[in-house]
Amino acid sequence: MSDPTSRIPGRRLLHAPGPSPIPDEVLHAMNVQNMDLADPRVDASIAACETGLRAVFGTGAATRVLMFIANGHGVWESVVQNLAAPGEAVLVPGTGHFADQWARVAEALGRVVVRTPWREGFPIDAEAVAAALRDDRAHAIRAVFAVHTDTASGVTSDLVALRRAIDDARHPALLVADAVASLACEPIEMDARGLDVVIGASQKGLMCPPGLGIVAVNDRAFAAAQACAAPRFYWDWVARDGAMNYQKFCGTPPLPLLHGLAAALALLQAEGLDAVYARHRRLAGAVHAAVEGWAEAGTLGFVAQEPATRSVSVTAISVPERIDVDALRTLARERFQVAMAGGLGALRGRAFRIGHLGDQNEANILGAIAGVECTLRTMGVPVGDGIRRAVRALAG
Numbered sequence: 005m006s007d008p009t010s011r012i013p014g015r016r017l018l019h020a021p022g023p024s025p026i027p028d029e030v031l032h033a034m035n036v037q038n039m040d041l042a043d044p045r046v047d048a049s050i051a052a053c054e055t056g057l058r059a060v061f062g063t064g065a066a067t068r069v070l071m072f073i074a075n076g077h078g079v080w081e082s083v084v085q086n087l088a089a090p091g092e093a094v095l096v097p098g099t100g101h102f103a104d105q106w107a108r109v110a111e112a113l114g115r116v117v118v119r120t121p122w123r124e125g126f127p128i129d130a131e132a133v134a135a136a137l138r139d140d141r142a143h144a145i146r147a148v149f150a151v152h153t154d155t156a157s158g159v160t161s162d163l164v165a166l167r168r169a170i171d172d173a174r175h176p177a178l179l180v181a182d183a184v185a186s187l188a189c190e191p192i193e194m195d196a197r198g199l200d201v202v203i204g205a206s207q208k209g210l211m212c213p214p215g216l217g218i219v220a221v222n223d224r225a226f227a228a229a230q231a232c233a234a235p236r237f238y239w240d241w242v243a244r245d246g247a248m249n250y251q252k253f254c255g256t257p258p259l260p261l262l263h264g265l266a267a268a269l270a271l272l273q274a275e276g277l278d279a280v281y282a283r284h285r286r287l288a289g290a291v292h293a294a295v296e297g298w299a300e301a302g303t304l305g306f307v308a309q310e311p312a313t314r315s316v317s318v319t320a321i322s323v324p325e326r327i328d329v330d331a332l333r334t335l336a337r338e339r340f341q342v343a344m345a346g347g348l349g350a351l352r353g354r355a356f357r358i359g360h361l362g363d364q365n366e367a368n369i370l371g372a373i374a375g376v377e378c379t380l381r382t383m384g385v386p387v388g389d390g391i392r393r394a395v396r397a398l399a400g
């Protein structure tokens, strides 16, 4: 294997499901000197981020957009601390690894967590959610915390069905969607889908470095935060709701990250969000076609069992336990210059993942598919013809 400090010709293709590649325009925007917080360019950068994010969330000017110096796990904690007091209950529908992690965060903070069952490779069971809410006759459950796209399995759940389940149960619980892996990759439509809170992060579809966690909060959820008795300081939505940049960030704003995010949002706006979403569908279709080809040899397969639920952001590919996933990833990265991800949680050692989100195009995707196929063949893993299928899918 090559020395990790040595230069490689060309560029290594980054196809983890996050962090994703950063466009040159974003890197250049971040490469500026710091400025004092009274400089009007600071407020202008924050305002550009807030406006651009509302468009990506699919919401209007009344929705509060709050940004934290944090990753997605940090904004999970902010949601818990603002919507339920210690001892109060939240419902976390089963989607796999990330739903389990969010539930563990809530439990660590002293909340009661109601879970619905998870079937590996399948989306959230909306009827199980409705049943759990109907059983909660005292309306003790404050909110439903739903992972939209589970990055570990590559499964995307139906947020409209979840909204319908809550309404059919006649339950007042707020609907909170984790869109970390889907934001800026497919339409979120916060207002149209009746989502009370949506969370995101900077390092995936938003094409920025890790470091910014984002929460979009509608009036109903903000009122719940105002009434919530949970002690909090850094994570407090109410305290951050103001005009001063120092107040918005509970201290000094992360200026380079904000400049980068403003540049990334400008790129998304210039391409057009509909075109961005169509590009993600097209590239995901090529990866899905490749996996279908590889699976013909009977060794590999999709973790997501229902084609309609397969994510436009990341594809998780199941492998038998005899295949060393860590060795596969190392060979792909060091010899064929394609960096991808392994399985998480229950899928650790049983899957690898190809990210196709953010600043990606057809050439990137075909290079990644070819590199992965070369790796599989080099390791002697039986596969069908994936790259040819991917080419056909992109050629229409």
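When we follow the working numbering, the leftmost residue of the sequence shown carries the number 5, and every step to the right adds one. Cβ coordinates follow ideal geometry from the N, Cα and C atoms, glycine included.
Range of the contiguous alpha helix (DSSP H) that encloses residue i
i      : result
Asp223 : 223 to 231
Ile277 : For the sequence presented, residue 277 should be read as Leu rather than Ile. It spans 277 to 299 - the alpha helix (DSSP H) in which Leu277 sits, taken as one unbroken run.
Leu351 : It is not in any alpha helix (DSSP H) - Leu351 carries neither H nor E in the DSSP assignment.
Trp241 : 241 to 244
Thr55  : 44 to 61
Val395 : 390 to 399
Arg138 : 130 to 139
Three-way DSSP call (helix, strand, coil) for residue i in this model
i      : result
Ala183 : coil
Leu31  : helix
Ser430 : Nothing in the structure corresponds to residue 430, since the chain is present only between 5 and 400.
Ala357 : For clarity, residue 357 is Arg in the given sequence; the question names Ala instead. In the structure shown, Arg357 sits in a strand (DSSP, three-state: E or B).
Thr379 : helix
Thr256 : coil
Gly305 : strand
Met5   : Residue confidence is low: Met5 scores 48 on pLDDT, short of 50, so the model does not pin down where it sits. Its coordinate-derived value is still stated next. Residue state, collapsed to three classes: coil.
Val323 : coil
Asp172 : helix
Asp104 : helix
Leu41  : coil
Leu269 : helix
Pro235 : coil
Leu87  : helix
Leu261 : helix
Leu332 : helix
Leu18  : strand
Trp122 : coil
Leu210 : coil
Ala74  : coil
Val36  : coil
Asn365 : coil
Residue from the options with nearest C-alpha to residue i
i      : options                        : result
Val148 : Gly76, Ala181, Arg45           : Ala181
Val316 : Leu361, Val329, Arg123         : Leu361
Val291 : Asp223, Ala279, Gly276, Gly375 : Gly375
Tyr250 : Asp47, Met34, Ile26            : Asp47
Val118 : Val36, Leu199, Ala150, Thr379  : Ala150
Val69  : Val84, Gly56, Cys189, Leu41    : Gly56
Ser157 : Arg123, Leu166, Ala169         : Arg123
Pro260 : Asn75, Ser49, Met34            : Met34
Phe102 : Ala350, Ala312, Glu310         : Ala350
Ala4   : Ala42, Gln85, Met39            : As displayed, the chain neither begins before 5 nor continues past 400, which places residue 4 out of reach and without an answer.
Arg168 : Glu190, Arg352, Ala132         : Ala132
Asp389 : Gly114, Gly76, Ala299          : Ala299
Ala266 : Gly14, Met71, Thr67            : Met71
Gly78  : Met39, Ala205, Arg224, Phe126  : Ala205
Arg224 : Val242, Asp129, Gly276         : Val242
Glu111 : Ala89, Pro121, Gly125          : Ala89
Status (buried if at least 16 other CB within 10 Å, exposed otherwise) for residue i
i      : result
Ile12  : exposed
His32  : exposed
Met5   : With a pLDDT of only 48 at Met5, under the threshold of 50, the placement of this residue in the model should not be trusted; the figure read from the coordinates follows. Under this definition Met5 is an exposed residue.
Phe253 : buried
Gln207 : buried
Pro314 : Before going on, a small fix: residue 314 reads as Arg here, not Pro. Buried, because 16 or more other Cβ atoms sit within 10 Å of the Cβ of Arg314.
Asp28  : exposed
Thr155 : buried
Met211 : buried
Gln483 : What is shown of the chain runs 5 to 400, which leaves residue 483 out entirely.
Val36  : exposed
Arg244 : buried
Phe306 : buried
Met39  : exposed
Met344 : buried
Phe237 : exposed
Minimum Cβ-Cβ distance from residue i to chain C less than 8 angstroms
i      : result
Thr303 : Of the protein chains in the structure, only one exists, and it is not chain C.
Endpoints, beta strand (DSSP E) assigned at residue i
i      : result
Val116 : 116 to 119
Ala205 : 201 to 205
Beta-ladder partner(s) of residue i, from DSSP
i      : result
Phe149 : Val180
Ala93  : Val116, Ile145
Gly346 : Phe356
Val69  : Ala220
Thr160 : Thr153
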